[in-house]
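In terms of my numbering, the sequence shown opens at residue 17 and continues consecutively. Even for Gly, the Cβ is constructed at its ideal location relative to N, Cα and C. If you're wondering where the values come from, they're calculated on a predicted model, not measured in any experiment.
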Amino acid sequence: MENKYPKNPKKILVIRNDRIGDMANSTNVFPALKENFPNAKITAIASKANRALIEKNKKIDKIITLDFAPRTFKDIINFLKTSLKIRKEKFDIGIDLRG
17 MENKYPKNPK
27 KILVIRNDRI
37 GDMANSTNVF
47 PALKENFPNA
57 KITAIASKAN
67 RALIEKNKKI
77 DKIITLDFAP
87 RTFKDIINFL
97 KTSLKIRKEK
107 FDIGIDLRG
C-alpha cells in the first residue's frame, strides 16, 4: 500500500481547539513532531480558552486561534475568514487531535 503522506513535510497543521484539559493532554505531540520532522513548520489551531497552554511552546512555529462555536454573525464571518487563511497555507499534513 502506497503512503500518500510526504516523508519530509514542510508544513504541519495540528488541530486541538476544544477544552483546556484536552490541550494539556496533547502537548506531548509537538515535541514528537519536531523530533520526527525537524525542518517542518508546525502550526497549531487552538481555542481562545486553550491557547495560553501552548503560547510558549518552542516546538510550535505559529498558533491560530479558532473557535468552532460561533455565536454572532461577526463570529461566523471571522470563522470563515480564518478558515480561508488556513486553506491558503496548503499544509502537507493535518492532524486533528479531537478524535
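In chain order, Ile36 place their CB closer than 6 Å to the CB of Ala65, counting only its own chain and leaving out the 5 sequence neighbours on each side. In terms of Cα proximity to Pro47, the closest of Lys75, Phe107, Leu29, Arg103 is Lys75. In this chain, Thr81 is not harboured by any alpha helix (DSSP H); it is covered by the beta strand (DSSP E) spanning 78 to 81. In the structure shown, Ile36 adopts helical secondary structure according to DSSP, grouped into three states. Using a 10 angstroms sphere on the CB of Asn33, the tally of other CB atoms reaches 16 or more, which defines it as buried. Pairing Phe107 with Leu29 gives a Cβ-Cβ distance under 7 Å.
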